[in-house]
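Chemist:
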Amino acid sequence: GMFLSALNLVREKELGTLEQINVTPIRKYQFIVGKLVPFWIIALFELAFLMVIGKLFFNLPVLGSVGLLFGFASVYLLVVMGAGLFISTVSQTQQQVMFVSFFFMILFILMSGIFTPVETMPHWAQKINIINPLAYFMRVIRMVILKGSGFSDILKEFISLSVFAVIILSLAVWRYRKTT
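With the numbering used here applied, the sequence shown covers 1343 to 1522.
#1: Starting from the Cα of Leu1420, find the closest Cα among Trp1516, Ser1347 and Tyr1518 and give me that residue.
#2: Can you check the region 1371–1423 for any beta strand (DSSP E) of at least 3 residues that lies completely inside it and give the ranges in chain order?
#3: With distances taken Cα to Cα, identify the nearest neighbour of Ala1415 among Ile1487, Phe1445 and Leu1402.
#4: Output the boundary residues of the alpha helix (DSSP H) element that contains Asn1364.
#5: Identify the continuous alpha helix (DSSP H) that holds Ile1473 and give its terminal residues.
#6: Which word fits Ser1512, buried or exposed, when buried means at least 16 other C-beta atoms lie within 10 angstroms of its C-beta?
#7: Assign Phe1457 to one of three DSSP states: helix, strand, or coil.
#8: To the nearest angstrom, how far is it from the Cα of Ile1470 to the Cα of Leu1476?
#9: Does DSSP classify Ser1430 as helix, strand or coil?
#10: Using the beta-carbon count (16 or more within 10 Å), is Glu1356 buried or exposed?
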């Protein structure tokens, strides 16, 4: 989500079509929503596909609500795609986007608790993890799929990620306006 949404806007810059889009009567937020929705839908299809693979080939038990998981994934995707759009507003080339996106993706993955529990990380790393959207998503995946947690159990993570989504999308829209 982060990589593709960032790359998409910078490609428009490089091709020169962004200037043409900017002179149309479409509002900036409408343009950004139009850029986000296709990748958002694709990512949700990927999640569905991977859940089917997990169930069929690995007999993954899904104890919680699949709808709840997809709802939370939708908010998570808004955060990472908003971050991608923000990255694209501060980048001039696709190469810059790739470098910055991969840097943050690797950092988020390593710090998310996928490979090592967050609780065993140094105190400073645990504090930095507060701004890692993937850490929230991984925690909720474990809670919903493996423990059968409900919405009240993930409310803290949902609120945190929702606030993060509003902030990062607002920054992306604001920054996009500053660059046009």
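For every residue, glycine included, the Cβ atom is placed at its ideal position computed from N, Cα and C.
No experiment lies behind these values; they were computed from the predicted model shown.
Modeler: Here's the rundown:
#1: For this step, residue 1420 is matched to residue 78 along the sequence shown. Ranking the options by Cα distance to Leu1420, first place goes to Ser1347.
#2: none
#3: Stepping through the sequence shown from its first residue, residue 1415 is reached at position 73. For Ala1415, the nearest C-alpha among the options comes from Ile1487.
#4: The residue labelled residue 1364 in the question sits at position 22 within the sequence shown. Residues Thr1359 to Asn1364.
#5: Residue numbering aside, residue 1473 sits at position 131 when the sequence shown is read from its first letter. Here Ile1473 belongs to no alpha helix (DSSP H), and DSSP marks it neither H nor E.
#6: For this step, residue 1512 is matched to residue 170 along the sequence shown. Ser1512 should be labelled exposed.
#7: Residue 1457 sits at position 115 when you count from the first residue of the sequence shown. If DSSP states are grouped into helix, strand and coil, Phe1457 belongs with coil.
#8: On the sequence shown, residue 1470 is found 128 positions in, with the first residue counted as 1. On the sequence shown, residue 1476 is found 134 positions in, with the first residue counted as 1. If you take the alpha carbons of Ile1470 and Leu1476, they lie about 12 angstroms apart.
#9: Locating residue 1430 in the sequence shown gives position 88, counting from the first residue. It is helical.
#10: Here residue 1356 corresponds to residue number 14 of the sequence shown, with the count starting at 1. So Glu1356 ends up on the exposed side.
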